[in-house]
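The opening position of the sequence shown corresponds to residue 1 in the UniProt record's numbering, with each subsequent residue numbered one higher.
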Amino acid sequence: MDVRVEEVRKEFDRFAALHAVSLEIGSGELLALLGPSGSGKTTLLRLIAGLERPTSGRIFFGDEDASEKSVQERNIGFVFQHYALFRHMSVLENVAFGLKVRPRSTRPPAGEIRRRALELLDLVQLAGLEKRYPNQLSGGQRQRVALARALAIEPRVLLLDEPFGALDAQVRRELRKWLREIHERTGHTTVFVTHDQEEALELADRLCVMSQGRIEQVGTPDSVYDTPSSPFVFGFIGESSVLPVRVEKGGIRLDEHPIGISGPEAEGPARLFFRPHDIELVEDEAGLAGVVAGSRRVGGTRRVELDIGEAAHRVEIDLPFDHPATERSRIAFRPKRWKIFTEA
Ligand code: ADP
Ligand code: MG
Numbered sequence: 001m002d003v004r005v006e007e008v009r010k011e012f013d014r015f016a017a018l019h020a021v022s023l024e025i026g027s028g029e030l031l032a033l034l035g036p037s038g039s040g041k042t043t044l045l046r047l048i049a050g051l052e053r054p055t056s057g058r059i060f061f062g063d064e065d066a067s068e069k070s071v072q073e074r075n076i077g078f079v080f081q082h083y084a085l086f087r088h089m090s091v092l093e094n095v096a097f098g099l100k101v102r103p104r105s106t107r108p109p110a111g112e113i114r115r116r117a118l119e120l121l122d123l124v125q126l127a128g129l130e131k132r133y134p135n136q137l138s139g140g141q142r143q144r145v146a147l148a149r150a151l152a153i154e155p156r157v158l159l160l161d162e163p164f165g166a167l168d169a170q171v172r173r174e175l176r177k178w179l180r181e182i183h184e185r186t187g188h189t190t191v192f193v194t195h196d197q198e199e200a201l202e203l204a205d206r207l208c209v210m211s212q213g214r215i216e217q218v219g220t221p222d223s224v225y226d227t228p229s230s231p232f233v234f235g236f237i238g239e240s241s242v243l244p245v246r247v248e249k250g251g252i253r254l255d256e257h258p259i260g261i262s263g264p265e266a267e268g269p270a271r272l273f274f275r276p277h278d279i280e281l282v283e284d285e286a287g288l289a290g291v292v293a294g295s296r297r298v299g300g301t302r303r304v305e306l307d308i309g310e311a312a313h314r315v316e317i318d319l320p321f322d323h324p325a326t327e328r329s330r331i332a333f334r335p336k337r338w339k340i341f342t343e344a
């Protein structure tokens with residue numbers, strides 16, 4: 001393990017931004033911290049960096065307790081959402097900055113610093129732009145300079161806080177791919193904060209899903225997507241439809257009607273989750289049946305809103321684009337995979 005966060009709690013005044021969070025980050029891993037705004041992602045990142053001190057708990061780098069160490073001592077590379085480049089410095093000077101300010105004993109000679117900065121600019125595909133100033137660059141280029149600057153110090157850990165958050169969708173998608181490639185070439189242990197699940201699913205080796213100052217689930221993108229461990233994670237990662245059901249000895253019921261789905265042991269009110277694309281149409285009405293309330297195009301499929309049962313519970317399912325259903329058509333389907341969470 002490269003970084004170990006142990007029971008770390010953080011309070012601001014009396015407000016707990018993080019509740020005793022524990023997390024391990026493997027050496028060379030790219031971990032995404034994913035959660036809605038206010039869930040504590042930035043706070044956790046700042047604690048790992050040493051920009052904040054935990055109210056309680058400890059942070060280890062390898063076997064070493066880093067809890068009392070400064071940002072410099074931890075040797076952290078940091079990239080923020082808003083370009084924190086030095087405006088009065090050229091691109092080259094920005095990238096070289098972290099090495100230039102080192103104490104003389106550990107500072108490489110000027111020629112070596114320049115060589116390394118140029119090498120990094122090449123790595124982030126900005127060769128030739130070293131003389132420009134930040135205001136002569138696009139947003140995406142600035143974030144690439146910020147990354148080169150963070151990498152220049154050969155950080156022990158690279159921390160990225162929504163680095164592409166301020167860029168438009170197209171540039172973000174490009175930078176995502178590019179960051180993954182850079183990561184594969186440089187192999188830094190990296191923590192990447194985002195509220196964008198698509199970005200996290202595509203980029204990360206593992207996801208850490210957060211909500212309200214707690215870790216909800218940690219796992220590979222596939223395992224979190226396929227087996228969400230809570231209603232929050234099911235709803236937050238990927239698309240989902242939800243129905244209020246009852247678990248009874250004889251099976252799962254919706255509005256008193258059995259729906260041909262098996263569930264957990266515990267009886268009582270529950271919520272049935274499934275993915276709109278993960279369904280099959282059935283001929284009989286033994287599954288779930290509803291009336292089409294509307295539809296829209298989502299990529300190459302047709303997402304249909306269905307009102308199910310007497311209470312007209314609204315769910316969404318995906319149909320082939322050329323499916324003939326029109327408004328008020330009746331459709332019966334069964335989720336192919338689902339998850340039932342009983343209410344506490
Ligand atoms: P995220 O990055 O997931 O959006 P943050 O870690 O920034 O969330 O914030 C988590 C919670 O802690 C929020 O409710 C936020 O208002 C609060 N918080 C963060 N930093 C401070 C601070 N310096 N003082 C007071 N409250 C803070
Ligand atoms: Mg944040």
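Yeah, the Cβ is synthetic: ideal placement off N, Cα and C, and Gly gets one too.
Bear in mind that the values here come from a model prediction, so they are computed numbers and not experimental data.
- In this structure, Ala32 lies away from Ile76, with their beta-carbon atoms at least 7 Å apart.
- Remark: the shortest separation between the CB of Lys10 and any heavy atom of ligand 2 does not fall under 6 Å.
- A Cβ-Cβ contact shorter than 7 Å links Leu18 with Thr43.
- Shortest Cα-Cα distance from Val298 to any of Glu280, Glu239, Pro324 involves Glu239.
- In this structure, the beta-carbon distance from Phe164 to Arg156 does not fall below 7 Å.
- Collapsing the DSSP output to three states places Phe274 in a strand.
- For the 7 Å CB-CB criterion, Ala150 and Val79 form a contact.
- DSSP, reduced to helix, strand and coil, places Gly268 within a strand of the structure shown.
- Distance from Leu288 to Ala325 at the Cβ level is roughly 15 Å; contact not present, criterion being Cβ atoms closer than 8 Å.
- In the structure shown, the three-state DSSP call for Glu327 is coil.
- The C-beta of Asn94 has 16 or more other C-beta atoms within 10 Å across all chains shown, which makes the residue buried.
- Within 10 angstroms of the beta-carbon of His88 lie fewer than 16 other beta-carbons, which makes it exposed.
- Rounded to the nearest angstrom, the Cβ distance from Gln170 to Arg144 is 15 Å, too far for a contact under 8 Å.
- For Phe15, the uninterrupted beta strand (DSSP E) run begins and ends at 15-25, by DSSP.
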